[in-house]
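Participant: The listed protein sequences derive, respectively, from chains A and B.
Quick note, the first sequence lines up with residues 65 to 435 if you use the working numbering.
Quick note, the second sequence lines up with residues 65 to 435 if you use the working numbering.
Backbone N, C-alpha and C define an ideal beta-carbon position, used for all residues, glycine too.
One structure is given below, represented as structure tokens, and several questions about it will come after.
Protein chains: 2
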Amino acid sequence: MKFSVTHRQARARRGVLTFDRGEVDTPAFMPVGTLASVRSVSPQEVSSTGSQILLGNTFHLMLRPGADVISAHGGLHNFMGWSGPILTDSGGFQVWSLAKKKDIDESGVRFRSPIDGSAVFLEPERSMEVQRVLGSDIVMCFDECTAYPASKTEAEESMRRSMRWARRCRDADLQTSQSLFGIVQGGMFSDLRLESLSALQEVGFEGYALGGLSVGEPKEDMKRILHEVTPSMPEHLPRYLMGVGKPEDLIMGVGSGIDMFDCVLPTRNARNGWLYTRSGVVRLKNAANRLDTAPVDPECPCAACQSFSRSYLRHLYTAGELLGPRLCTLHNLTFFQALMADIRKAIEESRFEDFATGFMASFRGENDDSV
Amino acid sequence: MKFSVTHRQARARRGVLTFDRGEVDTPAFMPVGTLASVRSVSPQEVSSTGSQILLGNTFHLMLRPGADVISAHGGLHNFMGWSGPILTDSGGFQVWSLAKKKDIDESGVRFRSPIDGSAVFLEPERSMEVQRVLGSDIVMCFDECTAYPASKTEAEESMRRSMRWARRCRDADLQTSQSLFGIVQGGMFSDLRLESLSALQEVGFEGYALGGLSVGEPKEDMKRILHEVTPSMPEHLPRYLMGVGKPEDLIMGVGSGIDMFDCVLPTRNARNGWLYTRSGVVRLKNAANRLDTAPVDPECPCAACQSFSRSYLRHLYTAGELLGPRLCTLHNLTFFQALMADIRKAIEESRFEDFATGFMASFRGENDDSV
Chain A
65 MKFSVTHRQA RARRGVLTFD RGEVDTPAFM PVGTLASVRS VSPQEVSSTG
115 SQILLGNTFH LMLRPGADVI SAHGGLHNFM GWSGPILTDS GGFQVWSLAK
165 KKDIDESGVR FRSPIDGSAV FLEPERSMEV QRVLGSDIVM CFDECTAYPA
215 SKTEAEESMR RSMRWARRCR DADLQTSQSL FGIVQGGMFS DLRLESLSAL
265 QEVGFEGYAL GGLSVGEPKE DMKRILHEVT PSMPEHLPRY LMGVGKPEDL
315 IMGVGSGIDM FDCVLPTRNA RNGWLYTRSG VVRLKNAANR LDTAPVDPEC
365 PCAACQSFSR SYLRHLYTAG ELLGPRLCTL HNLTFFQALM ADIRKAIEES
415 RFEDFATGFM ASFRGENDDS V
Chain B
65 MKFSVTHRQA RARRGVLTFD RGEVDTPAFM PVGTLASVRS VSPQEVSSTG
115 SQILLGNTFH LMLRPGADVI SAHGGLHNFM GWSGPILTDS GGFQVWSLAK
165 KKDIDESGVR FRSPIDGSAV FLEPERSMEV QRVLGSDIVM CFDECTAYPA
215 SKTEAEESMR RSMRWARRCR DADLQTSQSL FGIVQGGMFS DLRLESLSAL
265 QEVGFEGYAL GGLSVGEPKE DMKRILHEVT PSMPEHLPRY LMGVGKPEDL
315 IMGVGSGIDM FDCVLPTRNA RNGWLYTRSG VVRLKNAANR LDTAPVDPEC
365 PCAACQSFSR SYLRHLYTAG ELLGPRLCTL HNLTFFQALM ADIRKAIEES
415 RFEDFATGFM ASFRGENDDS V
């Protein structure tokens, strides 16, 4: 993997990640394909939305279908029919968010599978082994996601364990084509975050991520951490803000120098009948859509807006028809990727701040129910 | 609508139905798009399977989204984005099969909506009115589906009421582009079936259908009715066997002179992980598929077989991933349409009986769990 920054405006960066499997324009948004599928859409459709790289979930895939099944296909790309780059997370976040009981010690984490209750052990070496089999282009270190809220002592202990695990990840065997990213932890404490970043840089990774954000903290905390930590992240390597996010958070992240994002929002919200437009979120269940023969966004190039009305999409949603989630997912991914393309163009043309201001002035956000 | 028979072999016919919206090669199989969507697939995908005409359900559509919504779109074609011909059934069969309590008299049927329990009244005139709004290319008469089993007296009374209703349907206003088909009833009694056919011919319709078959009767009964009734159906008009069926039943129907079929089997079975091949049905849940990296059918041109393994499809099915039903539906519709295309070619080349024998010799059917 190569990374080059082609344009800068203030802290915002426009660049290109180059993999054997293709190029990714940054800042980039990665759709989430948890179980070897971006829910409801085909690989070709994901590509048609402008997506160039996907995220896969090691935790989910090792439980279902199991690493042996994906190994039989020569890796995740072949298994799921996606020929572009893939980033896999390490499983650390899912152990934290999905396993009801877990037993963490220096060696790793013991937990019960949420699928069948069987005992599972995940440790840095095992996560690397699974990710090596998955054959992802970017491998994430196995870490512990610090809980929110956490005292400084808790955040420090958790972060330092993650840093020791990061070294074990670096020492594990990966495929030569795979790049390994370190994950900065440290809760809402900037000094711990900077200590974490230094520890990771001492080991040395091909990219650096911010983990443990967007975990329930006030938006001001995320903003502060971004502001205080991102400038110290290596200038020549990609910076990845994990699990973020909402359109306004993507803009905030880019503004502080982030290059990569992932989030389930566009796909999950699509399945709940929430459709993004530049003025805000359209909720299909609203009765106003029942007889509305206009598309969600007449200027949107997605298959849903090109061929179908709000009324039809509302009908599919109300009736639970399987075509509904798919059309809505296509629309939302198209919206997110168009937003990223506009952000990239704005940076190229040195007008990112104006773009951000204009976007925020018209976008009413997700919490305004009036659209 | 025009119908021309271009080839004959024994009783089997090869022909073309010509509509303003396009041609349909017969014998034809119509996928079912109950709620203005062939479940899980897009109109373009339905078309890519070789399907030329769809079936829509008046009963379901009048309840959800309601005729007013479809009227606002100028009809069902625009609403669902399908530009080819559509046949709509009348609602008679669904009243019979879905409404738990119904009160039938000469005027029509009163029942409770299975959606919200509200009172609904359906009569011939109302069914025609809704189908006129739907704008379907072929409109079916509103009839009563005779129960199975039924005594001769029951079958006779039910059939005669349907015949009186058929005249009321003929007297109702339709769009000039719409063709109306009569439905032959009469239970498992050939003399009643022939009486029904005569009564319909006295009124005069653009096509004739056999209703009330594949409702739980032994296969020998359906075969006998087909054999004894089909030859009396008008030679120059299309013949439609409603709600059928399995591959072997399609072949049997064509052999007795049927031109049109519809059935939920390929789409419903797809959602249950049953995939058709020329040797029988592949059940995805079978553990043998877990590590099978081969496609369901290497010779099948569908998107599922071209890009994905049995193992991947099984994973999607097991994990409940939404891409699964879609890929399986594409495969099964492709199988059914390829079967119809082979049937048509065999008739053209005067080798239909050989084709039928060959197909039946290799196809193990749905009840054989060994595939």
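Which residues in the same chain have their Cβ closer than 8 Å to the Cβ of E87 of chain B, if we skip the five residues on either side of it in sequence?
Facilitator: Within the second sequence, residue 87 of chain B is the residue found at index 23, counting from 1. So the qualifying residues of the chain are V80, L81, Q116.
Participant: Going by other Cβ atoms of all chains shown within 10 Å of its Cβ, with 16 needed for buried, is D433 of chain A buried or exposed?
Facilitator: The residue you call residue 433 of chain A lines up with position 369 of the first sequence. Note that D433 of chain A has pLDDT 43, beneath the 50 cutoff, so the model's placement of it is unreliable and no number is given.
Participant: Which residues of chain B have a Cβ atom closer than 8 Å to the Cβ of V328 of chain A, listed in chain order?
Facilitator: Along the first sequence, read from residue 1 onward, the residue named residue 328 of chain A stands at position 264. Correct list: empty, because the minimum Cβ distance to chain B is about 14 Å.
Participant: Indicate whether at least one CB of chain B lies closer than 8 Å to the CB of L386 of chain A.
Facilitator: The residue labelled residue 386 of chain A in the question sits at position 322 within the first sequence. Yes, contact with chain B.
Participant: Report, in whole angstroms, the separation of the C-beta atoms of R75 of chain B and S320 of chain B, which I expect to be a contact under 8 Å.
Facilitator: Sequence index remark: in the second sequence, residue 75 of chain B carries index 11 (1-based). Sequence index remark: in the second sequence, residue 320 of chain B carries index 256 (1-based). Rounded, the Cβ-Cβ distance is 6 Å, consistent with contact.
Participant: To the nearest whole angstrom, what separates the beta carbons of M94 of chain A and L119 of chain A, a pair I think is in contact under 8 Å?
Facilitator: On the first sequence, residue 94 of chain A is found 30 positions in, with the first residue counted as 1. On the first sequence, residue 119 of chain A is found 55 positions in, with the first residue counted as 1. So it is a contact: roughly 5 Å between Cβ atoms.
Participant: Note down, in chain order, all residues in the stretch 142-164 of chain A with a beta-carbon under 8 Å from any beta-carbon belonging to chain B.
Facilitator: The residues in question are F143, M144, G145.
Participant: Between the beta-carbon of R85 of chain A and the beta-carbon of S147 of chain A, is there less than 8 Å?
Facilitator: For the purposes of this step, residue 85 of chain A is taken as residue 21 along the first sequence, with counting starting at 1. For the purposes of this step, residue 147 of chain A is taken as residue 83 along the first sequence, with counting starting at 1. Closer than 8 Å, so yes.
Participant: Which two residues bound the contiguous beta strand (DSSP E) that contains R176 of chain B?
Facilitator: For this step, residue 176 of chain B is matched to residue 112 along the second sequence. Run containing R176 of chain B: 173-176, per the beta strand (DSSP E) assignment.
Participant: Using a Cβ-Cβ cut-off of 8 Å, state whether P129 of chain B counts as contacting chain A.
Facilitator: Along the second sequence, one-based indexing puts residue 129 of chain B at 65. For P129 of chain B, the answer is yes, since a Cβ of chain A falls inside 8 Å of its Cβ.
Participant: Taking the CB atoms as reference points, tell me whether S260 of chain B and V308 of chain B lie closer together than 8 Å.
Facilitator: Counted from its first residue, the second sequence places residue 260 of chain B at position 196. Counted from its first residue, the second sequence places residue 308 of chain B at position 244. Contact flag unset, no.
Participant: Shorter than 8 Å from the beta carbon of L355 of chain A to some beta carbon of chain B?
Facilitator: Here residue 355 of chain A refers to the residue found at position 291 when the first sequence is read from its first residue. Closer than 8 Å: yes.
Participant: List the endpoints of the continuous alpha helix (DSSP H) containing E87 of chain B.
Facilitator: Translated into positions along the second sequence, residue 87 of chain B becomes position 23. Unbroken run through E87 of chain B is the beta strand (DSSP E), 86-90; no alpha helix (DSSP H).
Participant: Quick one: grab the DSSP three-state call for T357 of chain A.
Facilitator: The residue labelled residue 357 of chain A in the question sits at position 293 within the first sequence. T357 of chain A: coil per DSSP, three-state reduction.
Participant: Strictly by DSSP, which residues pair up with Y340 of chain A?
Facilitator: Position 276 of the first sequence, counting from 1, holds the residue named residue 340 of chain A. Y340 of chain A is bridged to A:V345.
Participant: With 9 Å as the limit, tell me which residues of the stretch 186-197 of chain A have their beta carbon closer than that to any beta carbon of chain B; keep them in chain order.
Facilitator: Residues passing the 9 Å Cβ filter: none.
Participant: P302 of chain A and F400 of chain A - do their beta-carbons sit closer together than 8 Å?
Facilitator: By 1-based counting over the first sequence, the position of residue 400 of chain A is 336. By 1-based counting over the first sequence, the position of residue 302 of chain A is 238. Not a contact, by the Cβ cut-off of 8 Å.
Participant: From the DSSP output, in three-state form, read off D433 of chain B for me.
Facilitator: Translated into the one-based positions of the second sequence, residue 433 of chain B becomes position 369. Residue placement at D433 of chain B cannot be trusted, given a pLDDT of 43 that sits under 50; what the coordinates show is reported in the next sentence. In this structure, D433 of chain B counts as coil in the three-state DSSP scheme.
Participant: To the nearest angstrom, report how far apart P213 of chain A and S254 of chain A are at their CA atoms.
Facilitator: Taking the first residue of the first sequence as position 1, residue 213 of chain A is located at position 149. Taking the first residue of the first sequence as position 1, residue 254 of chain A is located at position 190. Distance between the alpha carbons of P213 of chain A and S254 of chain A: 15 Å.
Participant: Any contact between the stretch 174-194 of chain A and the stretch 157-164 of chain A? By contact I mean 3 or more CB pairs, one from each, below 8 Å.
Facilitator: Cβ pair count under 8 Å is three or more, so yes.
Participant: I'd like to check one pair, S200 of chain B with I247 of chain B: are the Cβ atoms closer than 8 Å?
Facilitator: Walking along the second sequence from the start, residue 247 of chain B turns up at place 183. Walking along the second sequence from the start, residue 200 of chain B turns up at place 136. No.
Participant: Between T398 of chain B and chain A, is any beta-carbon pair separated by less than 8 Å?
Facilitator: Taking the first residue of the second sequence as position 1, residue 398 of chain B is located at position 334. No, its Cβ sits nowhere closer than 8 Å to a Cβ of chain A.
Participant: Using a C-beta cutoff of 8 Å, does D432 of chain B count as contacting chain A?
Facilitator: The count along the second sequence starts at 1 and reaches residue 432 of chain B at position 368. The predicted position of D432 of chain B is uncertain, since its pLDDT is 48 and thus under 50; no value can be drawn from it.
Participant: List, in order along the chain, the chain A residues whose C-beta lies closer than 7 Å to that of V360 of chain B?
Facilitator: For the purposes of this step, residue 360 of chain B is identified with residue 296 of the second sequence, where counting begins at 1. Per Cβ cutoff of 7 Å: no residues; V360 of chain B is ~14 Å from chain A at best.
Participant: Tell me where the alpha helix (DSSP H) around H300 of chain A begins and ends.
Facilitator: The count along the first sequence starts at 1 and reaches residue 300 of chain A at position 236. No alpha helix (DSSP H) contains H300 of chain A, which DSSP labels as neither H nor E.
Participant: Would you tell me roughly how many angstroms separate the C-alpha atoms of G250 of chain B and M306 of chain B, rounded to the nearest one?
Facilitator: The count along the second sequence starts at 1 and reaches residue 250 of chain B at position 186. The count along the second sequence starts at 1 and reaches residue 306 of chain B at position 242. About 14 Å.
Participant: Candidates A:C327, A:T294, A:P282, A:M286: which alpha carbon is nearest A273 of chain A's?
Facilitator: Position 209 of the first sequence, counted from the first residue, corresponds to residue 273 of chain A. The option with the nearest alpha carbon to A273 of chain A is A:T294.
Participant: Are I179 of chain A and L99 of chain A touching if we call contact CB-CB under 8 Å?
Facilitator: Position 115 of the first sequence, counting from 1, holds the residue named residue 179 of chain A. Position 35 of the first sequence, counting from 1, holds the residue named residue 99 of chain A. Taking 8 Å as the Cβ cut-off, I179 of chain A and L99 of chain A do not qualify as a contacting pair.
Participant: Is H137 of chain A helix, strand or coil by DSSP?
Facilitator: Looking up residue 137 of chain A in the first sequence gives position 73. Of the three classes helix, strand and coil, the one that applies to H137 of chain A here is coil, per DSSP.
Participant: Three Cβ pairs or more, each shorter than 8 Å: is that satisfied between the stretch 419-431 of chain B and the stretch 361-376 of chain B?
Facilitator: Result no; under three Cβ-Cβ pairs closer than 8 Å.
Participant: Establish whether the CB of R232 of chain B and some CB of chain A are separated by less than 8 Å.
Facilitator: As a first step, residue 232 of chain B is located in the second sequence; it is residue number 168 there, counting from the start. So, not an interface residue.
Participant: To which residues does DSSP link N121 of chain A through a beta bridge?
Facilitator: Your numbering for residue 121 of chain A matches position 57 in the first sequence. In the DSSP output, where bridge partners are listed per residue, N121 of chain A has A:D153.
Participant: Is any beta-carbon of chain B found at less than 8 Å from that of F175 of chain A?
Facilitator: Walking along the first sequence from the start, residue 175 of chain A turns up at place 111. So, not an interface residue.
Participant: Is DSSP giving R72 of chain A helix, strand or coil here?
Facilitator: As a first step, residue 72 of chain A is located in the first sequence; it is residue number 8 there, counting from the start. Of the three classes helix, strand and coil, the one that applies to R72 of chain A here is strand, per DSSP.
Participant: Which residues in chain B sit within 7 Å of P389 of chain A, going by Cβ to Cβ distance?
Facilitator: Working through the first sequence from its first residue, we reach residue 389 of chain A at position 325. Chain B residues near P389 of chain A: L386.
Participant: When the Cα of S243 of chain B is compared with those of B:M297, B:R196, B:P389, B:R347, which residue comes out closest?
Facilitator: Counted from its first residue, the second sequence places residue 243 of chain B at position 179. The residue with the shortest Cα to Cα distance from S243 of chain B is B:R196.
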